[in-house]
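Number of protein chains: 2
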Amino acid sequence: MPAAGKPRPTMKDVAALAGVSFKSVSRVVNGEPVTDAVRDKVLRAVEQLDYRHNLAASNLRRKTGGTRVVGALVQDLANSFSSELLRALEDACRERQVALLAASLDEEPDRERALVSDLVSRRVDGLVIMPASDRHDYLDVERRAGLPTVFVDRHPRGIDADTVTTDNLQGGYDAVRHLLDRGHERIAVLSDLPSIQTAALRLRGAEKALQDRGIPVEEWMVRADLRADDDAERAVAEALSRPDPPTAFVALRNILSIGALRALRAAGRDGEVALVGFDDFPTADLMDLTVVRQDVTRIGRVAADLLFARLDGDDSTPRHVVVPHRLVPRGSGEVPPPHL
Amino acid sequence: MPAAGKPRPTMKDVAALAGVSFKSVSRVVNGEPVTDAVRDKVLRAVEQLDYRHNLAASNLRRKTGGTRVVGALVQDLANSFSSELLRALEDACRERQVALLAASLDEEPDRERALVSDLVSRRVDGLVIMPASDRHDYLDVERRAGLPTVFVDRHPRGIDADTVTTDNLQGGYDAVRHLLDRGHERIAVLSDLPSIQTAALRLRGAEKALQDRGIPVEEWMVRADLRADDDAERAVAEALSRPDPPTAFVALRNILSIGALRALRAAGRDGEVALVGFDDFPTADLMDLTVVRQDVTRIGRVAADLLFARLDGDDSTPRHVVVPHRLVPRGSGEVPPPHL
DNA sequence: GCGCCGCGCGACAACGTTGTCGGTGGTAGA
DNA sequence: TCTACCACCGACAACGTTGTCGCGCGGCGC
Chain A
1 MPAAGKPRPT
11 MKDVAALAGV
21 SFKSVSRVVN
31 GEPVTDAVRD
41 KVLRAVEQLD
51 YRHNLAASNL
61 RRKTGGTRVV
71 GALVQDLANS
81 FSSELLRALE
91 DACRERQVAL
101 LAASLDEEPD
111 RERALVSDLV
121 SRRVDGLVIM
131 PASDRHDYLD
141 VERRAGLPTV
151 FVDRHPRGID
161 ADTVTTDNLQ
171 GGYDAVRHLL
181 DRGHERIAVL
191 SDLPSIQTAA
201 LRLRGAEKAL
211 QDRGIPVEEW
221 MVRADLRADD
231 DAERAVAEAL
241 SRPDPPTAFV
251 ALRNILSIGA
261 LRALRAAGRD
271 GEVALVGFDD
281 FPTADLMDLT
291 VVRQDVTRIG
301 RVAADLLFAR
311 LDGDDSTPRH
321 VVVPHRLVPR
331 GSGEVPPPHL
Chain B
1 MPAAGKPRPT
11 MKDVAALAGV
21 SFKSVSRVVN
31 GEPVTDAVRD
41 KVLRAVEQLD
51 YRHNLAASNL
61 RRKTGGTRVV
71 GALVQDLANS
81 FSSELLRALE
91 DACRERQVAL
101 LAASLDEEPD
111 RERALVSDLV
121 SRRVDGLVIM
131 PASDRHDYLD
141 VERRAGLPTV
151 FVDRHPRGID
161 ADTVTTDNLQ
171 GGYDAVRHLL
181 DRGHERIAVL
191 SDLPSIQTAA
201 LRLRGAEKAL
211 QDRGIPVEEW
221 MVRADLRADD
231 DAERAVAEAL
241 SRPDPPTAFV
251 ALRNILSIGA
261 LRALRAAGRD
271 GEVALVGFDD
281 FPTADLMDLT
291 VVRQDVTRIG
301 RVAADLLFAR
311 LDGDDSTPRH
321 VVVPHRLVPR
331 GSGEVPPPHL
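Residue numbers (full-length UniProt numbering), protein chains in the order written: chain A, 1 to 340; chain B, 1 to 340.
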């Protein structure tokens with residue numbers, strides 16, 4: 001319940017003051033042709049009453065044009081991947097005068113469904129979603145009803161829709177391969193839960209790289225239950241205290257890289273044990289952290305372009321864009337194994 | 001122009017299929033009491049047609065309740081201060097079932113006005129704004145029309161409204177004082193443009209700390225034209241190459257701290273020259289960076305609380321909340337001057 | 001058995017705007 | 001001066017929903 005000041009004036013009020021019909025006010029507001037005399041009167045009245053156009057009513061009446069709002073459902077507004085993505089989306093939206101309704105999913109499928117439902121009720125024109133759920137057939141109805149939907153970072157399950165992703169499998173592969181190529185053989189892999197699609201893919205890629213080199217993946221080499229930086233920190237500390245510790249780590253999420261770095265520093269093994277991270281972040285270069293970098297800005301840009309193409313009537317089959325990643329060497333991943 | 005599938009069914013369609021009046025559909029959708037027979041028929045029809053309630057039309061008709069959307073205008077969605085703030089706002093909004101319309105101002109006053117105007121047209125229930133402009137009387141009209149507005153991070157000019165800020169003057173003072181207390185006397189201050197209110201306040205605080213110690217502020221000690229990390233990097237490099245270089249730096253914005261750190265590393269003076277930053281960021285602890293830390297989450301929380309209090313009818317005089325800051329020593333600010 | 005009360009449902013208006021269409025005024029041409 | 005036309009403006013309906021009101025029916029009391 002908004003603290004009501006006086007109610008906002010409507011076109012009718014403006015019309016009454018200006019001495020014209022309220023349809024003429026509509027014309028002036030929408031820039032349709034009227035005589036200068038009418039426009040002047042209307043504008044004067046608008047000014048005097050502080051009239052503000054009501055887009056909600058306008059959109060309701062108009063047949064075409066939609067609400068000029070798109071919804072963005074990301075993993076966590078506060079994390080740098082999500083917020084950079086959001087920013088890229090915003091820049092694309094700005095050009096088209098659309099607003100962004102943003103929310104965090106926190107990896108909770110229920111939240112995803114609740115938020116989608118809310119956004120549908122609000123009749124957003126489109127949806128960009130970094131999914132948390134693993135069933136998306138519930139979205140089929142909405143898409144058929146004319147709600148373009150672009151999935152970023154992860155693929156939907158159960159429906160075929162536009163996607164913009166990084167090749168996470170290859171990225172995980174590249175990260176491990178980078179270390180293997182430098183002579184490491186005892187490599188520990190830190191990952192988030194395999195129930196998270198990207199995490200599972202990166203992990204599979206990492207394991208594949210090891211296997212391709214004939215290195216069997218033993219149990220101690222993989223930790224796939226790490227949710228936060230603290231978890232990674234503990235996992236690295238544990239691994240380092242093994243009798244035969246790893247000479248290199250791969251952290252498959254930026255938050256895990258941070259925990260890993262912290263643990264290496266705490267153990268004084270910074271610069272002795274190699275580390276490759278996944279996902280860049282603003283200060284990674286300062287910490288000499290070698291990472292597999294996703295081009296977040298480009299992902300957002302492409303996602304917006306796909307969405308807008310749909311809004312412009314493109315109804316071709318869903319596109320699946322893979323935005324190239326890149327391994328950025330900064331030092332931490334180029335530490336050689338001790339025996340070399 | 002949205003790629004129209006078939007148009008969405010309305011209450012009228014549902015009513016026709018269920019064999020009831022569309023007003024009864026409204027009742028069911030809104031959880032008002034109806035007989036079980038009617039509810040069943042309606043729910044079945046809703047299911048069958050995939051009816052989705054139209055909040056825009058609902059809000060238009062309802063006298064009370066508003067749109068359950070608040071606008072958040074921040075400096076830059078991609079920067080950690082803004083995105084953490086947004087996240088805190090989101091969490092508060094979630095509890096009240098309101099959505100967040102987010103946008104970046106990029107320090108451009110024109111954008112601020114344009115976005116406010118857009119949000120007003122959309123009839124958001126409230127506004128949280130990290131202002132870019134330095135005149136805000138234009139908002140007076142909207143506030144009188146019942147649009148609660150909370151300013152965060154900076155004070156508005158020309159109107160009196162709720163604010164949630166950090167004591168930037170004292171923060172700047174504390175940063176310099178921390179270095180003075182450790183014996184530094186040749187301190188260089190890196191700041192953003194003084195036209196940015198927080199930057200100006202921090203700078204004034206920093207200068208005051210120097211003056212209070214009887215240290216005259218000479219021209220070489222202050223750079224107040226640094227917009228990006230690169231600028232800071234160059235400024236620090238220049239300062240270090242002076243015949244009598246500073247023994248400590250104060251960077252009054254996180255992005256400047258990053259540039260400064262980079263320059264110190266590049267010059268190999270990391271750990272020899274002291275540095276205190278302003279504004280924490282996620283990996284600052286990893287870089288041993290001493291900072292004056294704002295409690296962003298709390299700022300967001302308090303701002304949301306103020307906003308919602310206004311929405312609940314609080315019409316007392318504007319409140320000005322100052323959220324405490326804290327100097328977090330992590331090493332870089334505790335480097336002693338060389339002669340000690 | 002009659003009348004009254006109450007409850008549940010439907011008809012209709014209204015929210016603030018835009019699409020449609022018909023009317024009115026002015027101007028130009030004969 | 002008259003006609004034809006055009007350009008502009010206003011009356012009205014409609015968008016999808018909720019508020020208001022009235023009607024009809026069932027139950028209960030006398």
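From the three backbone atoms N, C-alpha and C, an ideal C-beta is built for every residue, glycine too.
For clarity, every value in this text was computed on a predicted model and none was experimentally measured.
{"query": "For A/R293, the first and last residue of its enclosing beta strand (DSSP E)", "result": "T290 to R293"}
{"query": "Under 9 Å (Cβ pairs) to chain A, residues found in the segment 71–84 of chain B", "result": "G71, A72, D76, L77, A78, N79, S80, S82, S83 and E84"}
{"query": "Sub-8 Å separation of B/A206 and B/A175 beta-carbons", "result": "yes"}
{"query": "Partner residues on chain B for residue 342 of chain A, Cβ-Cβ distance less than 8 Å", "result": "For chain A, the structure presents residues 1 to 340; residue 342 of chain A sits outside this window and is missing."}
{"query": "Expected contact under 8 Å - CB spacing of B/A72 and B/L89 to nearest Å", "result": "6 Å"}
{"query": "Alpha-carbon spacing of B/A3 relative to A/T317, whole angstroms", "result": "Because the pLDDT at B/A3 is just 44, under 50, the model does not fix this residue reliably, and the value given afterwards should be weighed accordingly. Approximately 14 Å between the Cα atoms of the pair."}
{"query": "CA nearest to the CA of A/S82, picked from A/D50, A/Y51 and A/V128", "result": "A/V128"}
{"query": "Per DSSP, the bridge partner or partners of B/R326", "result": "B/R293"}
{"query": "Under 9 Å by beta carbon: chain A residues contacting B/L256", "result": "Chain A residues near B/L256: none, gap ~13 Å exceeds 9 Å."}
{"query": "Contact belief for A/E274 with A/S191 at Cβ below 8 Å, rounded distance in angstroms", "result": "Residue 274 of chain A is actually Ala in this sequence, not Glu. Not confirmed; about 17 Å, so no contact."}
{"query": "Residues of the segment 93–118 of chain A with Cβ closer than 7 Å to any Cβ of chain B, in chain order", "result": "A99, L100, L101, A102, A103, S104 and D118"}
{"query": "Residue closest to A/R135, alpha-carbon to alpha-carbon, out of A/L179, A/V46, A/A303 and A/A161", "result": "A/A161"}
{"query": "Local conformation of A/A3 per DSSP, three classes", "result": "Confidence is the limiting factor: at A/A3 the pLDDT is only 44, short of 50, which leaves the residue's position unreliable and the question unanswerable from this model."}
{"query": "Buried/exposed call for A/N254, threshold 16 Cβ in 10 Å", "result": "buried"}
{"query": "Cα-Cα separation between B/L201 and B/R182, rounded to whole angstroms", "result": "23 Å"}
{"query": "Own chain partners of B/D279 with C-beta closer than 7 Å, once the 5 adjacent residues on each side are dropped", "result": "F81, R253, N254, V291 and Q294"}
{"query": "Among B/T198, B/A228, B/R186 and B/D229, the one whose alpha carbon lies nearest that of B/R213", "result": "B/R186"}
{"query": "As assigned by DSSP and simplified to three states, the class of residue 358 of chain A", "result": "Residue 358 of chain A is absent from the model: chain A starts at 1 and stops at 340."}
{"query": "Reduced DSSP category for A/G205 - H, G, I as helix; E, B as strand; rest coil", "result": "helix"}
{"query": "CB contact below 8 Å: A/H53 versus chain B", "result": "yes"}
{"query": "Buried or exposed (CB count within 10 angstroms, at least 16 for buried), A/H184", "result": "buried"}
{"query": "Contact check, B/V74 vs B/L85, beta carbons under 8 Å", "result": "yes"}
{"query": "Residue closest to B/R68, alpha-carbon to alpha-carbon, out of B/V328, B/P336, B/V335 and B/L311", "result": "B/L311"}
{"query": "Among B/V189, B/L169, B/G126 and B/L55, nearest to A/S121 - alpha-carbon criterion", "result": "B/L55"}
{"query": "Identified DSSP bridge partners for A/Q103", "result": "First, the amino acid is wrong: residue 103 of chain A is Ala here, not Gln. A/A103 is bridged to A/L73."}
{"query": "Range of the contiguous beta strand (DSSP E) that encloses B/F281", "result": "Taken as a continuous stretch (DSSP letters only), B/F281 belongs to no beta strand (DSSP E), as it is neither H nor E."}
{"query": "Close beta carbons around A/R8, own chain, < 7 Å, minus the five adjacent residues each side", "result": "R52"}
{"query": "8 Å contact criterion, which A/H155 and A/T165 should meet: CB distance rounded", "result": "7 Å"}
{"query": "Interface flag, B/M287 vs chain A, CB-CB below 8 Å", "result": "yes"}
{"query": "Where A/T163 falls, given that 16 or more other Cβ within 10 Å makes a residue buried", "result": "buried"}
{"query": "Counted within 10 angstroms of its Cβ, other Cβ atoms place A/H339 as buried (16 or more) or exposed", "result": "exposed"}
{"query": "A/V323 at chain B interface by Cβ criterion, 8 Å", "result": "no"}
{"query": "Cβ contact (3+ pairs, closer than 8 Å) linking the segment 12–25 of chain B and the segment 39–46 of chain B", "result": "yes"}
{"query": "Contact list for the segment 237–268 of chain A against chain B, Cβ threshold 8 Å", "result": "I258, L261, R262 and R265"}
{"query": "Listed by chain order, chain B residues near A/A145 by CB distance under 8 Å", "result": "G5, K6, R8, D50 and R52"}
{"query": "Same chain, Cβ closer than 7 Å to A/V20, neighbours up to 5 away in sequence not counted", "result": "V38, K41 and V42"}
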